[in-house]
Structure formats: C-alpha cells, structure tokens
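Here is the structure we will look at.
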Amino acid sequence: MSLSESRHLAQRLLTYEAVGETSEPAEYAAFRVCERLRQPLITLAGVAGFRSLLSRALTLARAEAPSLSAVQVAADGSLKGLDALASQTDKKQARDGGAILIAQLIGLLLTFIGEGLTLRLVQDVWPEAAFNGRVSEKEGKA
Amino acid sequence: MSAADKVKINKLPTGVPGFDEILGGGLPEFSFNIIAGAPGSGKTTLAHQIAFANATPERPALYFTILGEPAIKMLRYQQQYTFFDQAKLNNAVRFINLSQVVLEKDLDAVLEEITKEVEKASPGIVVVDSFRTVVRKAVGGATEVELQAFIQRLALLLTSWQATTFLVGEYVEGEIRDNPVFTVSDGLFWLYQAAERNSVVRKLQIVKQRGQASVPGLHTFRITHAGLQAFSRTLGLAGLVRKIPSTRRLSIGIPELDKMLGGGIPEGDSVLVAGASGTGKSVLATQFIAEGIRQGDPGIVVVFEERPQEYAERAGSFGLDLKTPRKEKKLEILYLRPLDLSVDETMHEILDAVREIGAKRLVIDSLAGFEMALAPGFRADFRESLYRMITALTGVGVTILSTVEVNESFTEFPFSTYSISFLTDDIIRLRYVCIEGQLRKIMVVIKMRGGNHSKDVREYEITSKGVVIMGDRLTDYQGLITGIPVHLNRSGNHEERLHKPKAKTKSRK
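Residue numbers (this note's numbering), protein chains in the order written: chain A, 120 to 261; chain B, 41 to 549.
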C-alpha cells in the first residue's frame, strides 16, 4: 500500500466516523478513530506499545500539521488537547491535522505489520464499514 | 480395567513436520505444557506453529504476550513464516498483551485477567509467552507457596476450560529441580541451540510427557521459512513392519561378480564397496542401480560430490541410461547440499525419496562424502544414525550399497577407514595391485553374512561398459592383497624387482 493509499484509507476512516452517530463535530473524527483503534491495539501490543506508536505518529504528523502541537498522548493511550486544537485552528485545519495523524498511524502499522494484518485490524474495528472491499479482494485472490 | 474403559486422550497436531511422531502421535489434548529454551532457540515460533495449526474461530488460540518480544514486532517477524495465516488473526488466533497487569498488579490479577479472556473465548489453545516473566515477577513479590498455588490454579483453570496450554519460558537446565512450574506441567519440551565450529546445531527433547510415550533422546530440528521441522531419531521408521527375509538375489549388473557373490546380493542386505580413489566404486554402484532398474527395481542414488545431471551423464559414458528412469520416476538421484546438514535431516530426505518411488535399491556414494556434508557437530552422530537407517531400511527389504574410500596401503588391507564394517552384511574390496609393471585392479568378496561366497581374487578393468572382471582367478601370484604380489612361477622377488627403481650401474670404463 502506497503513502497515498494509506492516506486514502485514513480519510475513509475519518469520513466514516464523521458521519456516524455522534453529536461531536466532524473535526473530532480523528480522535474517535484513534479511540476506536486504541482498545484492539492495546489488547495486541499493550498500553505502552500503543502509546509508543501513537506518539511516533503524532510526532511525524506535527511536521506536516504544526497545529497538532497542542495534542498530546495520555498515559492510557488516549489523545488529549482536543479542545485546544479546535480553538487554535479553523475547522479545516483541524480536520486536515486529524487526517494526517491517522494516516501516519496507519502508515506505521503498515510498516511494522504489513498491509494484510493492518487491513484486518481495521476491518475488525469497523466491520460494518465499507472497507471490506479491499480486504475481501485480497482474500479472494488468496 | 479393559482398554475400552480407559479414557481416550486425543492427540492434537503440532503443525511441525516430524514433531508429532516424536511426541508419540501429537500433543495430548488439554495438557499443560512448557516450551523451554535459551533465547533464539525457536520457542515462540514453535508456539505460533502449534497455535496456527489448531486454532479455529470456534476454539481459538489465545496468545498472551508478557514483557517479551513486543507484540507488533512479533507479528512483523512471525508473519514471514508460511504457517502464519493472516486470515486467522483476531479471529482464530488472538493476541492479548498482559504486560501491564504483570507489571502493575499481583498474581491474582494476572490469573483474573487470563480467566476473563478464557471464559470469554473458550479457547482450544492457550499460550503464555513469556511465562518466565510472570514467574520472575512473582518471585519478587510472592512466596514460593503463592507461586505454586498460582500455577496450580492456572493449570486447573485451563484444563477445566478444555484448553491445551503452552507456557513459553527462557529456562536453563539447572532450573528443572524444585521449580513448581515443571512439577505441575504435563509436558516439558526443551529446545537447544549450540554453535559447533562454524555450524549451528538445533536439538529438541521431550523431557517430560504425561499420558503417552514419546521418542526419548535429542532430536535435531531446523527453522526455515516454513517454521520448525523436526527430525525424529527413529527417522519415522519406528512403526515399519519388518519384512520376512527374502531369498531373492539381486544382480549387481556384473555377471562374474554375481557369481562371486553366490548368485547376487541377497535382497535386503547392506553392501559395502571399499577401495581407493579410482578403483571403480562409483561405477560399480551405478551398474548395481542400473541393473535394478532394468529388472524393475526402482532406485535411489545419493551423491555428495557431483550433481545429478553430471552423475547421469557419467553413467551414460558407460552405456548406462539413467536419464530415462529419472524421467519415469523410477530413479531419484539426490544431491545433498554440503556442509550444514544434520544426520537425521539427511536421512529423512533419503527416506522420503525411498518412500516416494518405492525404491528397492539404494546407493550411498560415498560414506566419506556423506560425513563431510554434515555440520561438524553432527559428525559424532554419523555412525549411530547410519546404523539406524540401514537397519530400518534393510529390514523392509531395501538393498543398500554404500561406497567408502580407503587409503591404499601396501602393508595392510583395511576394509574401511570407518568402524562401519559392522553395519554391512557384505563387503566387496577393490584395490590396486602391481603386476607385470602395471598398476592393475583386483577385487575380492570379503564377507557375506547370508551365505557362502567365492574366495577368488579376480582382476578387473574399468571399460566403456563399466567394471568388467577379466579371466579366471589369479592363481599365479602370492600376496595379491598386499598390492605387491610375487609370481609363483618366477624366481624370488620378481615383482619387487620389477618395481624397484633400478640401481644406477656405473659403467666401468
């Protein structure tokens, strides 16, 4: 999966979370994606493992989206600084920053465990979403 | 109690080729096992292989990781193995990280967490990797009694929930004594890895196994892209039914030699052809295998010093067509890559080929090449393993001809430089001899366990038709086997004189 594809996948996750059943504004979608990925990744890698990954993703994302400097990774692996991000930037910047963060997190997973396992993890978290196209396509080829 | 009244212990496949046989048929279901060994010995890979071989969505494998290799990295590396089925991840095989519980809480909390997951998933397989970490943590904060109680409760829980369990740990052998983990466990599988000279030797041992008999001793194994592959010391031959000895004689393809052997080689014998370099051992062996194919006996040739294509072409130069039977799967020429083989691994490769084509004849050319192809650490096991293979194969009717190079001596007549003569039923000795100012060749049948044989010493040549025995026995010479015979009808040391450098005679002027 190329960089653009991982960004595309991140964007699809964000879109899915943005239009989901939530009262939160769309610019918080990245936080919801992180939150939904947090538990299965903690189960797999532990809190420390997930925190390390997310911290690295955040560092990489900040290089592209400085507005993310207000965001931090808490001890339990959750993101904090949500309100600060929303207040410091406009909605588009916040959404873009979130997309970059998720793309970096997906990119790290792709780097470490590969496309197959990453897509499977995503599929497990959003079984109802339409990401199954790609996973199913791969399974069909196997 | 009759056999029918006894509980039947199901055996689970390990997914490791060769390991089920070592275990006596597979892993006893619901057993509580330890996989022990030093770092890098293959413990985690073995545990993964077992998990992937048995896990289903209905009876998944729960893989608890604790402070060992980070789970992300473990997945990164383990997915490189062919047994790693990505489709099973988070479905049939579930990884659960317990590091934090172990770090922050006590043994009760660890047990509670495992219990919660086990009751939720109803797993068929449970792995705790590394359990050593749990024990280390416990030793720091709990008494020995508490630790033992924890292990017993864990074993009770997992057995009650019908899980087959594997605790993976980095242990050293001295820890077996007084360690409650080993006391409670039903099975203890120990993996070893040792560097010997330039080679790495991997071995495994079933130190303990309740409920069924395993194959005792150390078994070699290899880790490849497919994971572990084990090679049982019994070479998979333990269950073979010995064949009633045959009275059939097999032609070696050299009519005069057949006569010397009393009509050919008794079927199921092990024959050793010994001689110096260039005496025609390989040619004779090729004639034996070619004659077998001509008579409908499929054959295997194991070579170490030349590739199959070269071997077949060389046979062609003696008028022996090995290419056609190779194509027809009546002949397999195995070239075993040199220098890092284990004996049992090599034996398994030979045995697989024997089974595959139903071979009746086997040539090993040569034993010296075979030994040299082994990793240095395995050479000590060579004779023992060779003995096991020869005994088992000849027992089921395969006739084996091995060649061995001996140093030509003009003071001795050794059968072999190895102490392997005892492995053979029959010995044919080839040697050089000085006759009439020429380096000629003689052969003699030294031994035939199955019966009488010719005592003649016969001269032979290697012609375009292979080994051909010339004329009758050499009756005019004494001391042929010394290599420097004396012609009986000539005076004194005629032969010696012939071959001694002539003293320079100074001309008297």
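A virtual CB, placed ideally from N, CA and C, is assigned to each residue, including glycine.
Note that this is a predicted model, so its numbers are computed, not measured.
Between the CA atoms of residue 66 of chain B and residue 121 of chain B - distance to the nearest angstrom: 21 Å
Can you tell me whether residue 471 of chain B is helix, strand or coil according to DSSP? strand
In chain order, what residues of the same chain lie with their CB nearer than 7 Å to the CB of residue 348 of chain B, ignoring the 5 residues before and after it? 373 and 375
Measuring only between beta-carbons, confirm whether residue 193 of chain A sits less than 9 Å from chain C. You won't find chain C in this structure, because its protein chains are A and B.
Contact list for residue 136 of chain B against chain A, beta-carbon separation under 9 Å: 162 and 163
Taking DSSP as the reference, what is the three-state secondary structure of residue 211 of chain B? coil
Give me, in chain order, the residues of the same chain whose beta-carbon lies closer than 8 Å to that of residue 171 of chain B; leave out the 5 immediate sequence neighbours on both sides. Cβ within range, chain order: 74, 106, 207, 208, 209 and 221.
According to DSSP, residue 68 of chain B sits in a beta bridge with which residue or residues? B/51
6 Å CB neighbourhood of residue 59 of chain B in its chain, flanking five on each side removed: Same-chain partners within the cutoff: 270.
Quick one: is residue 259 of chain B buried, meaning 16 or more other Cβ sit within 10 Å of its Cβ, or exposed? buried
Could you give the C-beta distance for residue 179 of chain A and residue 223 of chain A, rounded to a whole number, given that I count them as a contact under 8 Å? 4 Å
Going by DSSP, what residues sit across from residue 445 of chain B in a beta bridge? B/315
Output the distance between the C-alpha atoms of residue 420 of chain B and residue 382 of chain B, rounded to the nearest integer angstrom. 11 Å
With a CB to CB cut of under 8 Å and the five nearest residues on each side skipped, what residues in its chain are close to residue 316 of chain B? 445, 446, 447, 448, 470, 471 and 472
In chain order, what residues of the same chain lie with their CB nearer than 7 Å to the CB of residue 52 of chain B, ignoring the 5 residues before and after it? Result list for residue 52 of chain B: 66, 67, 69, 94 and 204, in chain order.
Roughly how many angstroms separate the alpha carbons of residue 324 of chain B and residue 116 of chain B, rounded to a whole number? 53 Å
Anticipated Cβ contact below 8 Å, residue 333 of chain B with residue 369 of chain B, distance rounded: In fact, because the Cβ distance is near 11 Å, the residues do not count as touching under 8 Å.
Using three-state DSSP, classify residue 248 of chain B as helix, strand or coil. DSSP, read as helix, strand or coil, puts residue 248 of chain B in strand.
May I have the straight-line CA-CA distance separating residue 418 of chain B from residue 232 of chain B, to the nearest angstrom? 14 Å
Inter-residue spacing [alpha-carbon to alpha-carbon] between residue 293 of chain B and residue 424 of chain B: One C-alpha to the other measures close to 31 Å.
If you check the beta carbons only, do residue 267 of chain B and residue 119 of chain B fall under 9 Å apart? no
Just to make sure I have the definition right: I need the residues of chain A whose C-beta is within less than 7 Å of the C-beta of residue 126 of chain B. Which are they? 235, 236 and 239
In its own chain, which residues sit with a C-beta less than 8 Å from the C-beta of residue 80 of chain B, not counting the 5 before and 5 after it? 233
Expressed to the nearest angstrom, what Euclidean distance is found between the alpha-carbon atoms of residue 137 of chain A and residue 191 of chain B? 48 Å
Kindly say whether residue 224 of chain A, judged by its beta-carbon, lies nearer than 9 Å to any beta-carbon of chain B. The beta carbon of residue 224 of chain A sits no closer than 9 Å to any beta carbon of chain B.
Output the boundary residues of the alpha helix (DSSP H) element that contains residue 124 of chain A. It spans 122-137 - the alpha helix (DSSP H) in which residue 124 of chain A sits, taken as one unbroken run.
By how many angstroms is the C-alpha of residue 465 of chain B removed from the C-alpha of residue 477 of chain B? 35 Å
Within 10 angstroms of the Cβ of residue 525 of chain B, are there 16 or more other Cβ atoms? Answer buried if so, exposed if not. buried
Please report whether the beta-carbon of residue 146 of chain B lies at a distance below 9 Å from any beta-carbon of chain A. no
With C-beta atoms as the reference, is residue 75 of chain A less than 9 Å away from residue 152 of chain A? Residue 75 of chain A lies beyond the residue range present for chain A, which begins at 120 and ends at 261; the question has no answer from this structure.
Please tell me whether residue 110 of chain B has its Cβ less than 9 Å away from any Cβ of chain A. Taking Cβ atoms only, chain A reaches closer than 9 Å to residue 110 of chain B, which makes this a yes.
I'd like the span of the beta strand (DSSP E) that includes residue 498 of chain B, first residue to last. Per DSSP, residue 498 of chain B belongs to the beta strand (DSSP E) from 497-503.
Which residues in the same chain have their Cβ closer than 8 Å to the Cβ of residue 136 of chain B, if we skip the five residues on either side of it in sequence? 102, 103, 104, 105 and 157
If you drop the 5 nearest sequence neighbours on each side, which residues of the same chain put their C-beta closer than 7 Å to that of residue 203 of chain A? Correct list, in chain order: 189.
With distance defined between alpha-carbon atoms, name the residue in B/173, B/162, B/395 and B/300 nearest to residue 133 of chain B. Measuring from the Cα of residue 133 of chain B, the nearest candidate turns out to be B/162.
Using a Cβ-Cβ cut-off of less than 7 Å, list which residues of the segment 288-317 of chain B approach chain A; keep chain order. none
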